[in-house]
Amino acid sequence: MSILVIAEHDNAGLKASTLNTVAAAQKIGGEVHILVAGSGCAVVAAAAAKVVGVAKVKLADAAQYADQTAENVAALVVANAAGYTHILAAATGAGKNMLPRVAALLDVAQISEITAVESPDTFVRPTYAGNAMATVKSSDSVKVITVRTTGFDAVASEGGNAATEPVAPAADLGLSKVTGREIAKSARPELAAAKVIVSGGRGMGSGEKYHQLLEPLADKLNAALGASRAAVDAGFVPNDYQVGQTGKIVAPQLYFAIGISGAIQHLAGMKDSKVIVAINKDPDAPIFQVADYGLVADLFQAVPELVTELG
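Counting in our numbering, the sequence shown runs from 1 upward without gaps.
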């Protein structure tokens, strides 16, 4: 049994989500290979070769993979699918865009966002916005799977010594091209990988109040900033702050939900956090049902007091 993991990277470094995906592959069992598709990405392949538990790295280094467009990468994966029983990618924007194309080209059903592995053909995945967990069994000859990274602890990025093998690039399909990227730069930790997250909701009242109250708290805790969909829709913060079913799925060690009522959509994205602290003036807010610590208080008074106590 051989498993192919599609690496997520920026041509300069391997992204942490790949380590979680490798962890899921190891739960399935069998030999784990990583496919790196990019341009000028030898350094990524070298990093992938050091990942613990990886037996082989396949490197496709060609100009048509510089932007890793979903159509071109999917065609490459299909061209290299022979002999693999499982093909895995992280359930990120890139993985969700590319892997369904692989499943369609291979004429198999995709299994989306698994959070646990019960056997090589049986997996657990969330459904109904995470309010129920479905156990699914696949009889397809090759299982095409996206992995919810919060469900698996990342493997070590150092300690492996896999062989690297070049693979022939597939044809450039020319179906799409990237015309530009706007990279959000922040001194704070990346939201999806942060150990501590401070999130604000509609109760913040305005974008000005959001930043005025939450940034000092995040600074004290070296935390990432997040938000509910309601706060994003109200224009308090940009879309990339959103935590929830249609935003980022997170599972930090500590999650502050401030002025967030706790709608199902938001809970689906953060309820796997190790410790949840909620501050809300409504004692009946649904967020308190999942919170480990709840404070019924006016956030405009409680948050500055908390910042003061943290010194």
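Heads up, the beta-carbon is just placed ideally off N, CA and C, and yes, glycines get one too.
As the structure is a prediction and not an experimental result, all values here were calculated from the model.
Distance from the CA of Val32 to the CA of Leu4, rounded to the nearest whole angstrom, comes to 6 Å. Residue pairing by DSSP places Ile145 opposite Leu88, Ile111 in a beta bridge.
With the rule of 3 Cβ pairs closer than 8 Å, the region 130 to 139 does not count as touching the region 63 to 83. Across the set Gly29, Ala49, Val102, the C-alpha of Ala49 shows the shortest separation from the C-alpha of Gly13. Around the C-beta of Ser228, 16 or more other C-beta atoms lie within 10 Å, and the residue is accordingly described as buried. Burial is judged here by how many other beta carbons sit within 10 angstroms of a residue's own beta carbon; Asn280 has at least 16 and is buried.
Ranked by how close their Cα comes to the Cα of Phe123, the residues Val144, Glu215, Leu106, Val167 have Val144 in first place. Under the Cβ criterion (8 Å, minimum of three pairs), the region 47 to 67 counts as touching the region 143 to 159.
Runs of the beta strand (DSSP E) spanning 3 or more residues and lying entirely within the region 17 to 73 occur at 31 to 38, 56 to 61, in chain order. Under the criterion of beta carbons closer than 8 Å, Val198 and Ile258 qualify as touching, at roughly 7 Å.
Scanning its chain for C-beta atoms nearer than 6 Å, with the 5 sequence neighbours on each side dropped, one finds around Ala25 the residues Ile3, Val5, Val32, Leu88, in chain order. Setting aside the 5 residues that flank it on each side, Val108 is surrounded in the same chain by Asp140, Val142, Val144, each with a C-beta closer than 7 Å to its C-beta; the list follows chain order. Under DSSP, Glu165 shares a beta bridge with Lys58.
Leu295: member of the beta strand (DSSP E) spanning 293 to 296, first to last residue. Proximity of the region 184 to 197 to the region 250 to 264 meets the contact definition, three or more beta-carbon pairs being nearer than 8 Å. Residues of the same chain with a CB within less than 6 Å of the CB of Gly95, apart from the 5 flanking positions on each side, are Ala89, Thr146 in chain order. Judged by DSSP secondary structure, Ile3 falls within the beta strand (DSSP E) whose first and last residues are 2 to 6. The residue from Ala187, Gln245, Glu118 with its alpha-carbon nearest to that of Ala223 is Ala187. Burial is judged here by how many other beta carbons sit within 10 angstroms of a residue's own beta carbon; Asn239 has fewer than 16 and is exposed.
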